[in-house]
Amino acid sequence: MKIVITLIALFSLSFYFLTNDINKQTVQYLIDDLINTNNNVNLLIGSSSIKKIKNTDSLSCVKWLNRGMGNSTITNLTNYLSLSPALTKTNHVIIYAGENDIAFGNSVDTTLERMKSLTQQLIQSNSHDISIIKIKLSPARERFHDDFTEFNQQLEATFSNINNVRVLENNLDKFTATSYTSDGIHLTDKGYDLFTQGVSDICQDIAI
């Protein structure tokens, strides 16, 4: 049934394929998910900070399915997962999301509720292990730093006592320019080494 719904959604989204980058990426991912029949998928999902991840040592413990979407919000990710057959096969999940939600004008409370809904969706799909990376304090988004910090604190408070969900530090210093590209938002290779360091700490458990 989910495959039928996915096919209908693909047809509908195709009308926006050339005009909406997020819908375009979603369609491409859904098509790939329909073709991909592998079990026990380990999922990377989030905004462009996920999409641009390379094969760092911190992430090489298992094979990951990268479903990062540039300029995406948590709602975009939730919509994708609602349609994707990959969700029924997900084992371990790493999430980086919320930065765009707040930068695009959503409140901390709204963004947190979206994250709770996304996480609940994954829990209901029997995902074994969910890790949420805290929002980075991107230099170019300094005016949102207070909201980013509050959101990170609320992530800790909300998920600290939920089984199989953990919140990871991003290990980035907002004053270290070498961690960021010239746009002050996206990360350099050095930045990604720090950004994924928390994954390295749990990688042995994930690989089992």
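Just remember that the working numbering sits 80 ahead of the position in the sequence shown, which is counted from 1. Glycine included, every Cβ here is placed at the ideal spot set by N, Cα and C.
Could you check what DSSP says for residue i in three-state terms: helix, strand or coil?
{"i": "G271", "result": "helix"}
{"i": "L248", "result": "strand"}
{"i": "L217", "result": "coil"}
{"i": "S211", "result": "strand"}
{"i": "G278", "result": "helix"}
{"i": "H225", "result": "helix"}
{"i": "N206", "result": "coil"}
{"i": "N171", "result": "strand"}
{"i": "I115", "result": "helix"}
{"i": "N186", "result": "coil"}
{"i": "I133", "result": "coil"}
{"i": "I102", "result": "helix"}
{"i": "N180", "result": "helix"}
{"i": "N232", "result": "helix"}
Can you tell me whether residue i is buried or exposed, with buried defined as 16 or more other CB within 10 angstroms of its CB?
{"i": "A237", "result": "exposed"}
{"i": "V247", "result": "buried"}
{"i": "F184", "result": "exposed"}
{"i": "I154", "result": "buried"}
{"i": "T258", "result": "exposed"}
{"i": "H208", "result": "exposed"}
Which whole-angstrom value describes the C-beta separation of residue i and residue j, a residue pair presumed to lie in contact below a C-beta threshold of 8 angstroms?
{"i": "M149", "j": "S127", "result": "7 angstroms"}
{"i": "I133", "j": "N146", "result": "7 angstroms"}
{"i": "N156", "j": "I102", "result": "5 angstroms"}
Look at the alpha carbon of residue i and the alpha carbon of residue j, and state the distance between them as a whole number of angstroms.
{"i": "L202", "j": "N186", "result": "23 angstroms"}
{"i": "K104", "j": "A177", "result": "19 angstroms"}
{"i": "I125", "j": "N151", "result": "13 angstroms"}
{"i": "L217", "j": "T276", "result": "15 angstroms"}
{"i": "F228", "j": "D189", "result": "11 angstroms"}
{"i": "I174", "j": "A166", "result": "14 angstroms"}
In chain order, what are the residue ranges of uninterrupted beta strand (DSSP E) at least 3 long that sit wholly in the region 142 to 169? Listed in chain order, they are 144 to 148.
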